[in-house]
Structures are given as C-alpha cells and as structure tokens.
C-alpha cells in the first residue's frame, strides 16, 4: 500500500507506462540505418490509479530522465511492446539528446531479415506508429484540471521503444495489472505530513498566493478526493498482465468503452470485473442494435456487427456474380466501394479512428486477427468458403450416380467384405434339426487420405482491390477438388487394377469383360446383359445381376442415346428393346482418355444390389473445406483447401467392360 515516508511525500507502486512518440522519416540515414524519434514536453495523458484518474505530464530534462539503458546498449526497439522472443527485437536505441525541450532518440535497425524489412517500411513512410515504454520513479502533484489531479513526472526511466502497426490514442493509459507494479515516490508539495486523501488544502498552481482556509475543528476530516488512491490489497487483485490484455480485447469485441474496461481491471477483482463487463456488453449491444420500425416485429439476438458483415459479404458476392447473388437494401450500402473503403467503414463502425491511416495501414489492420475491431478476416473466410463450395458443387460428378457414398470415422484402413449369397434351404424332417448355414466372403481394403492446397490473400490484394483473389480463386480450388474426386473415381475403370483375389478388376477370371471390342449396339448390350446375369456368388449360385447404368465416353453418346430412346416401330425389327429396360446413361469425358484409340464403355448394377464401388468422406467433412489463419510466411491471411477422400471398387460382379473400338 502507499505509505508516507517524509512530510509531503509518500511511496506507491505504478505499472510500466506507455505513450506515443513522433517518428521523423526525413531523418532516416540509409548508410547508418538509423532514424530519429521525438518526445515533446508538456503533453498530458490521462492515467488511472486504483480508485481514480489523474493527468500525467512528463518532464523532459537531463535530471529527470534515466537513460542508463541507452548508454549500456540495453534499450531495445521492439515489435509492438513484445518482450517474449528475440525475434521481436527490431533494433537498439543508440543515442539520445535534449533538443529545444524535447527528447530526441536515435534508433538503429537490427541486421536481420525482420529488421531490414521494418527499416524499408519506415523509410517508405508506411510505418509511423511509435510507442515508448517507461517506468515512473517520482512525480509531483502540480495542480488540478477540471477537478482531475495533474502530476508532473520528475524522474522516469526509459525501458524500450516499440513500432506499432496502428497508433494508439494518446489516452491509451496502462495495460499492466498488479503483478507488474514498480516503486514510485509521490511529492504532495506540503511541509506537514498528510493523509493520502486529504488534498483540499494543497497548494497548487491555481490557489498559490490565496489566504489559507481556517483549520477544521479537531475530529473533522475532509471528504476524500479523486487523487492517486491507495493500492488495493494483493489478495483483491489477481488479474495478471495477460488476463488484463485479454479482458480489454473482450471489451473491444463487445463494443464496451475501453476506458471503462480499464477502470474495471484496476478497481475490481477478476470475478467482479467479468460480471460487470457482461452487463456493459449487453448495454452496448442494445444501443448498437437497429431499432425495429413502426409495425415491425423486434428481432432478438441479432448483433449489429453480424448485420454489417452480411451486408459487406453480400456486396462482394454481387461483384463476383451479380446474376446469382442479388443485392438487398443492406448490401446496397456497400455497392461500388473498394475493399479499402469497406475496411475503413468497418473499422470506423467498430470505434477505431481511421482518419489519416494510409492504405497500407488499413490493409494490415483489415487482415490481422489481433485487431478485434476488424471483422474482415471473418468476411474473407465466409466469402472464400461460399465461392469454394459453389465451385465444388457446380462441377458435374457423374460417378455419384452409380457409386455408393459412405462416411468413415477416421483414417485407419477399412475392410469391405464381398458377401456371398445365402446357402440353399435344406429339408428338415419331422423332429429333425435345422442345419447351420454359412455365408462365404472375400474382402477389399482401403483408407481415407487427405489432399489439399494453400493460397493466400495478401495486403497487396486489398490495396489493389483484387476481388478475384478471394472469389474466383477459391471457386477454382473448389472445381479442382471436384475434378480430383472424379479422376479418382474413374481411374480404376481405365487402369484396371488388381482386386484382393489377385485378378484384374476386368478379367476373364471375373467373367466381366467382352471377348472383343464393339460400339454400343443391341448385340453388344445383349452380351453385357448375358455376362452380368451369369455372375455367381462366393458359394457358386447365380445372383442374377441386372445392369442399371451404361457408362460411355462422349464419342459413343449419340449411339447410346438412340439405343435407349423409345420409337414407334412399324416392323418387329424396328422395336428398340432396350428403351424399356430402365437403363440410365452416364456420359463421362474421362472415358475418352483410355490408352490407345479405342474408347471403352461399361455397364454397372444398382449399388443396392451389388456393392460394386464406393467413395468415402471423413464423417462430418463431406467435400472440400477451407481453413484459414493469419499468415506467418506471408503478409496477409493463409487459406488451406482440404479434402478427406477415398474410393474403392469392392465387388467386380456389379460391373462389365467392353473395350470399345477406335
């Protein structure tokens, strides 16, 4: 707790403070790889103590500033105040001087990939946000400003300097909790000992020279004032620095005033602060949510940010495909806007000051999930997912007609049994026993595998307003995934792999291949029907397989359609017998890719009669999916198109091949 050490003086503990500096790109020295930063005197910022607020003013003088870290080469240039990795150090503060009442710091960039990258961006003027971290050692109460105490920091130690992507407001305050406090001496400017809260008779700049007020009778005390308050008991403050940072991020996401959130961190226990945050969040959402018009039913549970995201997505999808994606009133608000303009509007709506931000700064903020005021990564993900699925589902996949679809729970090999028919029934004499029958089986084994590709949406995409990067590009990946599935499904028909019994899928041993190639015709169809109807189960009995699908390449499409189309015959020879068999044509261009000049064609049974072939997805992951994360190797957002897929021919008895002719 605070304690009085001398008359007019007391000790307390304060967190590390931060405030903005001015970066002067014109002072960049390419040869020395340095640039200068300026901290002006007299600038006040609002701070928060344990029970109240106060104004802080830095004194800039050689006696006030402790620069020993600079002299020892131990004052780093950091990336956004991060101290947890050596990779976060971008350089060093190598020099300091007092010039015309201002502290001028010289920083030199590190000779590393990251240091050189940041140096180039500073030289180009892309990065201007600079923040300094310092420790207050001693400060003096010099007056009041609108009843708020004003303290001048008369001794302070420079700890580090940071480059930040988005400059914070001057009243950014502190982000440390009780476990990051440091000793500080406070001078109250009076000669007699005084209580911490008794400041009514304090001599200030405003009342200096006025007669003193009469002393109060014994036993009377002044009402407490909003000065630096007594530090709470350690057991009452348990929110760590990381927890306080997370708490403020939650407050921003909820739309709660950040000043109010910081006061909760400093004045409440973690449990009390979180409970109060939920109440403030509910109030903030109620204020932001659009009020229903007269006669319109109120909508419950709609967040205004969700509505805004949907409006932006609608406008972007309309730009991508205006025929399919129609605009509503909410989407029309963003019609004609560039991506940068949309980003500015989103950030401003969520309370961020965007005036003066360059296109690069806006783009960086839009693509960073660390900034909770930017919903753009969510919007990008939603649009990319929708266009990816549209591309995937819009591709023709003929194998789905004649193959069975299944789902698997994991990536372990799965065994599919070829079950034989049930054995023949046996006569049971009176009083006799029933004989046990067995069903033979063979098996095929396969497993799911994961396939995928990565693509990125970078800062340059946003600046260049390149909508195709996250609309047409994901759609192309969706079509590519669908094409891959079709390639995998039809590959066995063309490659003729061996089955579990050691024989090729189509072979004389399996009795499912024509003796010679022929075009689709009555004769060749009859041969296929005959061969499939002669198939026997594992126990050797006929299983009466009936074809349901005829699979041909585009070359044989016309002749096949003629065979399956009913006509009014005038003679017996003109009757089209196969038009009444219920055969369904499947025309697949991949069958044109068979080796040699001949184009094979096939017949397949209904998969409910014979487990001919199947294709599989991971349970709950049907088709292609998109994962996203903030890029590590690129300056933007990484996307990963992922497909968990497998396919396998299970039973040769349900399919027949004719090698075709050239």
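Numbering (our numbering), first residue to last: 4 to 665.
All C-beta atoms in this analysis are idealised placements derived from N, C-alpha and C, irrespective of residue type, glycine included.
Computed from a predicted model, the values in this text were never measured in an experiment.
Residues bridged to residue i by DSSP?
i           : result
residue 148 : 151
residue 604 : 661
residue 449 : 417
residue 535 : According to DSSP, which records beta bridges pairwise, residue 535 is partnered with nothing at all.
residue 87  : Looking at the DSSP assignment, residue 87 forms no beta bridge with any residue, so it has no partner.
residue 2   : Past the edges of the chain, shown from 4 to 665, lies residue 2, and the structure says nothing about it.
residue 112 : 94
residue 517 : According to DSSP, which records beta bridges pairwise, residue 517 is partnered with nothing at all.
residue 460 : 640
residue 671 : What is shown of the chain runs 4 to 665, which leaves residue 671 out entirely.
residue 80  : 94, 164
Check each candidate in the options and name the one with the smallest Cα separation from residue i.
i           : options            : result
residue 72  : 161, 85, 326, 523  : 161
residue 189 : 477, 139, 166, 133 : 139
residue 521 : 456, 652, 601      : 601
residue 129 : 466, 646, 492      : 466
residue 112 : 32, 59, 100        : 32
residue 663 : 431, 560, 646, 613 : 560
residue 641 : 472, 413, 342      : 472
residue 579 : 557, 525, 625      : 525
residue 557 : 450, 597, 548      : 597
residue 283 : 478, 250, 122      : 250
residue 83  : 94, 75, 76, 74     : 94
residue 167 : 649, 85, 115, 152  : 85
residue 515 : 503, 504, 536      : 536
residue 148 : 274, 119, 506, 49  : 49
residue 1   : 447, 493, 523      : Nothing in the structure corresponds to residue 1, since the chain is present only between 4 and 665.
residue 464 : 555, 538, 343      : 343
residue 566 : 264, 527, 539      : 527
residue 651 : 406, 531, 532, 326 : 406
Is residue i helix, strand or coil when you go by DSSP?
i           : result
residue 56  : strand
residue 214 : Bear in mind that the predicted position of residue 214 carries a pLDDT of just 42, short of 50, making it unreliable; the figure below should be weighed with that in mind. Coil at residue 214, not helix or strand.
residue 630 : strand
residue 614 : coil
residue 455 : strand
residue 98  : strand
residue 340 : coil
residue 499 : coil
residue 365 : helix
residue 436 : coil
residue 72  : helix
residue 589 : strand
residue 584 : coil
residue 356 : coil
residue 293 : Confidence at residue 293 is low in this model, with a pLDDT of 47, below 50, so its placement is unreliable and the value that follows should be read with caution. Of the three classes helix, strand and coil, the one that applies to residue 293 here is coil, per DSSP.
residue 286 : helix
residue 563 : helix
residue 544 : coil
residue 621 : strand
residue 504 : coil
residue 668 : Nothing can be reported for residue 668: it is not among the residues displayed for the chain, which extend from 4 to 665.
residue 333 : helix
residue 411 : strand
residue 346 : helix
Report all residues from its chain with a CB closer than 7 Å to the CB of residue i; omit the five preceding and five following residues, and keep chain order.
i           : result
residue 644 : 391, 455, 456, 480, 484, 627, 629
residue 381 : 312
residue 67  : 157, 158, 159
residue 603 : 594, 597, 660, 661, 662, 663
residue 127 : none
residue 386 : 316, 319, 320, 473, 474
residue 413 : none
residue 90  : 117
residue 155 : 60, 62, 142, 143, 145
residue 378 : 308, 312, 349
residue 671 : Because the chain in this structure spans residues 4 to 665, residue 671 falls outside the shown range and cannot be described.
Can you give me the Cβ contacts of residue i inside the same chain, cut-off strictly under 6 Å, excluding the 5 residues immediately before and after it?
i           : result
residue 211 : Because the pLDDT of residue 211 is 39, which lies under 50, any placement of that residue in the model is unreliable, and the number read from its coordinates should be weighed accordingly. Result list for residue 211: empty, nothing under 6 Å.
residue 302 : Confidence at residue 302 is low in this model, with a pLDDT of 39, below 50, so its placement is unreliable and no value can be given for it.
residue 99  : 70, 73, 108
residue 384 : 631
residue 482 : 394, 398
Might you give, ordered along the chain, the residues of its own chain that have their beta carbon closer than 8 Å to the beta carbon of residue i, omitting 5 neighbours on each side?
i           : result
residue 164 : 24, 40, 78, 79, 80, 81, 96, 108, 110, 133, 134, 135, 136
residue 486 : 398
Looking at chain C, is there any beta carbon in it that lies within less than 8 Å of the beta carbon of residue i?
i           : result
residue 523 : Note that chain C does not occur in the displayed structure, where there is just one protein chain.
Any chance the CB of residue i is under 7 Å from a heavy atom of the ligand ZN?
i           : result
residue 323 : The model on display carries no ligand, and the ligand ZN is accordingly not part of it.
Inset, instruction - Inspect the CB distances between the region 380-397 and the region 354-368 and report whether three or more fall short of 8 Å. - result: no
Legend entry - contact_flag[the region 325-335, the region 581-597] where n(CB pairs < 8 Å) is 3 or more: no
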